[in-house]
Amino acid sequence: MPSYGLGQTVRYKPVGGRDSNTSESLGTIQDVLVEPGQQAGRNVNASKETPRYEIQNLNTGKSTTVYESNILGLEDPMGSLRK
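The opening position of the sequence shown corresponds to residue 1 in full-length UniProt numbering, with each subsequent residue numbered one higher.
See below:
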């Protein structure tokens, strides 16, 4: 089951997984997919065990789809990361 929901603001790594050297991004969850379908214009193979999240980047406005493992945690309204 998904750990995050629509409208939540999260910190995430858009490429390479949570342990990659890719910089963190901040975005808002636009969609949560728990079965195969389309997100951000791409076919994705999601399931209840491996949900996919469509996240709109707050800086660029672009949407991407990521695995839950790429999400580092919730962004708190005060600007700090919550897990």
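Glycine residues also receive a C-beta, built at the ideal position from the N, C-alpha and C atoms. From a predicted model like this one, the values you see are computed outputs, not experimental measurements.
Can you give me the Cβ contacts of A40 inside the same chain, cut-off strictly under 7 Å, excluding the 5 residues immediately before and after it? E54, S63, T64, T65, listed in sequence order.
The beta strand (DSSP E) that contains Y67, what's its start and end? Here the beta strand (DSSP E) through Y67 covers 63-67.
What do you reckon, are the CB atoms on L74 and V10 nearer than 7 Å? Remark: C-beta atoms of L74 and V10 approach each other more closely than 7 Å.
Could you give the first and the last residue of the continuous beta strand (DSSP E) run that contains R11? R11 -> beta strand (DSSP E) spans 9-12.
Checking 7 Å against the spacing of the C-beta atoms, do K13 and S20 come in under that value? Annotated as proximal: K13 and S20, with beta-carbon spacing under 7 Å.
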